[in-house]
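Using numbering that gives the first Met the number 0, count along the sequence shown one by one with no gaps and you end on 255.
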Amino acid sequence: MIETTVTKELITWEPLPADFQLPDDPVENLEHPLLALDLSEILAVAGLLSESTIVASNFGICARVGSKTIVKAPDWVYIPFVNQEFREKNPRSYTPHLDGDVPSVVMEFLSDRDNGEYDASKGGKWWFYEKIVQVPRYVIFEPTSGRLEVYQLKTSGKYTPQIPDSNGRYWIPGVNLFLGVWYSTKEQRSGYWLRWWDEGGNMLLRSSEKIAREQLRADTVEQRAQQRVADARREATDAQREAAEAKQRATDAERE
C-alpha cells in the first residue's frame, strides 16, 4: 500500500478490493472502440509498444480517496511502464504507483450524452485525473466535429490548455509523439480520427496503410525493372537495325 496526500484527503494506492463491483455499462457509441483500437494499433505497427507498456480502453484506474474507492475508465490510456507482477496477472483494474507508472495520457471521447468529462467537482473525471492521479496530459476529443482539446498539468497542479504547433498537433510527453486529427475512412467509418506523428512530421501508419505503401513501393520497383527490360530490348533492336543499315550501305557502295 502506498499513500500520498495531494488534496486534503489521504490518497491510498492499493489493489481494488476483490468484492468491488466495477461498472458494466454498455458501449453507448460504437465509434469510441474503433477510435481507441486505431490509436493502439498504430503504435503497435510502429513497434512502439514494449512488454512493459500498457494501452487500454475502458480499463479502470483506481485510487482510494479517504474512505472511498474511486474508479474511472478512460476511453483510452497509455501507461509507459507497469511492473512484472501486474503483467503476470489478469488485472481487473490498474492502481498507479502500486502497479507501475502514472499514465502519461488519458483520453475521453465525447458523445451526445454528458459523461462528466469536464466535471472538476469531487468524484468527476476531470477532478480524478487532475487532482488524484495527476495525469500529465488529458485529451478530450469530439469525433463528429474533429475538435481536439489537450490539457497539460502545470506545476500548480491544474490543467491548462496546451497550445498546438503550427500544424495543429500536440506533443505528448511519455508517448513522445505528436497527436493530431486526420480525416479518413476505416472499417466503413468515414470521419475524423486521432493520429500520431513523429518528431520529423511523419504520420505513423495503420497496418492497412503500411501494406498499401509497401505494395506501391513493390509495384514501382517492378515497373522500373520492366521499363529497364523494355529499354534494353529497344536499344538492342535499334543496334540491330543500325547494323543492318550499315551493312546495306556497304553492299550498295560495293555495287557502285
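Heads up, the beta-carbon is just placed ideally off N, CA and C, and yes, glycines get one too.
Does residue i pass the burial test, meaning 16 or more other C-beta atoms within 10 Å, or should it be called exposed?
i: A35; result: buried
i: Y158; result: buried
i: T94; result: buried
i: E234; result: exposed
i: G59; result: buried
i: I332; result: What the structure shows of the chain is the stretch from 0 to 255, and residue 332 is not part of that stretch, so it cannot be assessed.
i: F108; result: buried
i: A62; result: buried
i: L215; result: exposed
i: E198; result: exposed
i: G200; result: exposed
i: G46; result: exposed
Throw me the rounded Cβ distance for the residue i and residue j pair, which I believe falls under 8 Å.
i: S110; j: N28; result: 5 Å
i: I162; j: R136; result: That pair is no contact at about 13 Å.
i: R168; j: V44; result: About 19 Å separates the two Cβ atoms, so there is no contact after all.
i: W21; j: S92; result: The sequence given here places Leu at residue 21; Trp does not occur at that position. Confirmed, Cβ separation roughly 7 Å.
i: E186; j: L33; result: 6 Å
i: I69; j: G123; result: Going by Cβ atoms, the distance from I69 to G123 rounds to 10 Å, so no, they are not a contact pair.
i: E30; j: R188; result: 7 Å
Quick one: what's got a C-beta closer than 6 Å to residue i's C-beta in the same chain, skipping five residues either side?
i: W195; result: I41, L176 and L203
i: F80; result: S51, G99 and D100
i: N57; result: A72
Within its chain, find whatever has a CB closer than 8 Å to the CB of residue i; leave out the 5 residues flanking it on each side and keep chain order.
i: G156; result: V5, E129, K130 and Q133
i: G65; result: E8 and L9
i: E116; result: E107, L109, K124, W125 and I139
So, for residue i: in the same chain, excluding its five sequence neighbours on each side, which residues have a beta-carbon less than 7 Å away from its beta-carbon?
i: V257; result: Coverage of the chain is limited to positions 0 through 255, which leaves residue 257 absent and any answer about it impossible.
i: D118; result: K124, W125 and W126
contact_flag[the segment 95-107, the segment 72-82] where n(CB pairs < 8 Å) is 3 or more:
Flag = yes, the segment 95-107 and the segment 72-82 touch.
Only counting runs of 4 or more residues, tell me where the alpha helix (DSSP H) segments fall wholly within the segment 38-124, in order along the chain.
83-87
Tell me whether the segment 137-154 and the segment 174-192 touch, counting them as touching only if at least three CB pairs, one residue from each stretch, are closer than 8 Å.
yes
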